[in-house]
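Going left to right, the sequence shown walks through residues 572 to 956 as my numbering numbers them.
Read through the structure below, which is laid out as structure tokens, and then see the notes.
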Amino acid sequence: MATSLTPIRRVVTGNDARGHSKVVWDGPAPNAHEASMGSGRGHTDFWVWNETPAPLSGDHDDGNLKYAFSGPPEGGHFRVVQVRARPADYNPAKDKDIVPVHLPKLRPGSRGTWDRGGNNAYSSAMHKTETVDYGIVLAGERELILDDRKLVMKPGDVVIQVGAWHQWSMPKGAMMAFDMIAARFVDGPAGLAQGHDKPMRAAPKLPDGVKPIRRIVTIDRKPGKSSLVGDGPAPDVRTDPARPGYACARLWVTDSTPAKIVFETLHLPHTLDPPARGTVCRVVTFPPDDSWKDKVGAAQVQAFFRAMGSPGASTYSPLAPHPYMQKTRTLDFCIVLEGAIVLVLDTQEVPLKAGEIVVQRGTNHAWSNRTGRPAVVAICSHDGR
572 MATSLTPIRR VVTGNDARGH SKVVWDGPAP NAHEASMGSG RGHTDFWVWN
622 ETPAPLSGDH DDGNLKYAFS GPPEGGHFRV VQVRARPADY NPAKDKDIVP
672 VHLPKLRPGS RGTWDRGGNN AYSSAMHKTE TVDYGIVLAG ERELILDDRK
722 LVMKPGDVVI QVGAWHQWSM PKGAMMAFDM IAARFVDGPA GLAQGHDKPM
772 RAAPKLPDGV KPIRRIVTID RKPGKSSLVG DGPAPDVRTD PARPGYACAR
822 LWVTDSTPAK IVFETLHLPH TLDPPARGTV CRVVTFPPDD SWKDKVGAAQ
872 VQAFFRAMGS PGASTYSPLA PHPYMQKTRT LDFCIVLEGA IVLVLDTQEV
922 PLKAGEIVVQ RGTNHAWSNR TGRPAVVAIC SHDGR
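What follows is the structure, encoded as structure tokens:
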């Protein structure tokens, strides 16, 4: 990465004239910005939406829409940030990216982004955006710095930044995905937590072979002071009796756009598709198909979708290419975190491996694990039209 960002495969789906799901684009995400955050620190745009519900059709590649750090005020953007590792001979005295710590100020030329400096070539400024962010580590390590503590995040860890001040330090290099959703600070730039919802903390018993998903939640309780709300295994996990080893961990929900600045959202109804004008962030573990595929029919599939709160999502048919075919009116960002998996569409199949990303636009699909070990996929779903 010394000279360029690591290309990341992006698969974008759509529907053909008959309404059948297909691949529209497949290849390295084209909108890469090598030094957008300083030397050795850049990002790749995967998708931008300027309105909510997000558009699900059209021939334009919305990964190439105009980029703004905090995103559109009625939409959001999905991007991947990459940082190269700090060399052993790093000399702070020669670092042209160093910015001293300063009082909070609106970042010049931005909307909804405040900055306190303190950045160098291998760490961000302490900053705050008027957004709710789903941040997922894909590779390397990131140190999340809050006003009340520091946390080390590793691959598969997920942070829900609820409009909080934060800083990133990445001495070992890292790759991290960010789904940034427009939010509203009811008290202006202070952006303080609203309400008194208690964070869910109980860790459920997981099926054999399923790893817990670490969920970190941050927020500002006092002006200019970010704090940790919770750090532990995702507390809301659903399983499928017909597929031993299947687990769907729900991490966060928004039920409006702009989103609310609150302590917890998992008290909202559990569904696969998000609330109107909202989002839902999940991490799903898929067991090998060979462990269940000859034991599942219409009754088992219908029971699963009812238990997930989305009975209408199922498009089950004995003639379908996979029993768990589903379709929701959503824009989904799907990141393969571990293992390998096949995205099954009406017209084709797409083998995927860890680190590859699917932008799914309201398409009929299923996930098929044809390997001998679990596959893990993070899925951020947005209300679409």
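Note that the Cβ used here is the ideal one computed from N, Cα and C, for glycine as well.
In this text the structure is predicted, and so the values were computed from the model without any measurement.
Residue i - DSSP class collapsed to helix/strand/coil
{"i": "asparagine 602", "result": "strand"}
{"i": "arginine 682", "result": "coil"}
{"i": "lysine 593", "result": "strand"}
{"i": "proline 760", "result": "helix"}
{"i": "arginine 809", "result": "strand"}
{"i": "alanine 869", "result": "helix"}
{"i": "aspartate 860", "result": "helix"}
{"i": "proline 804", "result": "strand"}
{"i": "arginine 786", "result": "strand"}
{"i": "arginine 687", "result": "coil"}
{"i": "proline 794", "result": "coil"}
{"i": "phenylalanine 617", "result": "strand"}
{"i": "aspartate 844", "result": "coil"}
Local Cβ density within 10 Å of residue i, reported as buried at 16 or more and exposed below that
{"i": "glycine 759", "result": "exposed"}
{"i": "aspartate 686", "result": "buried"}
{"i": "tyrosine 887", "result": "buried"}
{"i": "phenylalanine 918", "result": "At residue 918 the sequence reads threonine, which differs from the phenylalanine that was named. The residue in question, threonine 918, is exposed, as its Cβ has fewer than 16 Cβ neighbours within 10 Å."}
{"i": "leucine 717", "result": "buried"}
{"i": "asparagine 940", "result": "buried"}
{"i": "arginine 655", "result": "buried"}
{"i": "asparagine 662", "result": "exposed"}
{"i": "valine 808", "result": "buried"}
{"i": "histidine 631", "result": "exposed"}
{"i": "glycine 955", "result": "buried"}
Closest by C-alpha distance to residue i, when choosing among the options
{"i": "glycine 680", "options": "Leu839, Ser952, Ser628, Tyr638", "result": "Tyr638"}
{"i": "glutamine 653", "options": "Thr684, Asp630, Ser607", "result": "Ser607"}
{"i": "threonine 623", "options": "Arg848, Ile707, Asn935", "result": "Arg848"}
{"i": "histidine 591", "options": "Thr934, Asp954, Ser952", "result": "Thr934"}
{"i": "aspartate 791", "options": "Pro922, Ala764, Val582, Ala878", "result": "Ala764"}
{"i": "isoleucine 836", "options": "Arg786, Ala710, Arg682, Arg655", "result": "Sequence check: residue 836 is threonine here, not isoleucine. The candidate whose alpha carbon is nearest that of threonine 836 is Arg786."}
{"i": "aspartate 768", "options": "Val833, Gly634, Asp632, Thr828", "result": "Val833"}
{"i": "methionine 771", "options": "Arg612, Lys667, Leu839", "result": "Leu839"}
{"i": "aspartate 633", "options": "Ala600, Asp660, Gly766", "result": "Ala600"}
{"i": "proline 859", "options": "Gly711, Pro815, Val867, Arg678", "result": "Pro815"}
Host beta strand (DSSP E) of residue i (start-end)
{"i": "asparagine 586", "result": "580 to 586"}
{"i": "glutamine 765", "result": "Glutamine 765 -> no beta strand (DSSP E), and no H or E assigned at all."}
{"i": "glycine 849", "result": "Note, glycine 849: premise wrong, no beta strand (DSSP E); not H, not E."}
For this session: Report yes or no: do the region 803 to 812 and the region 732 to 751 share at least 3 C-beta pairs separated by less than 8 Å?
Result: Result no; under three Cβ-Cβ pairs closer than 8 Å.
Exercise. At a cut of 8 Å, does the region 904 to 913 reach the region 921 to 935 through at least three beta carbon pairs?
Worked result: A contact is defined here as three or more CB-CB pairs under 8 Å, and the region 904 to 913 meets this definition with respect to the region 921 to 935.
Exercise. Counting Cβ pairs closer than 8 Å, one from the region 813 to 831 and one from the region 850 to 866, do we hit at least three?
Worked result: Flag = yes, the region 813 to 831 and the region 850 to 866 touch.
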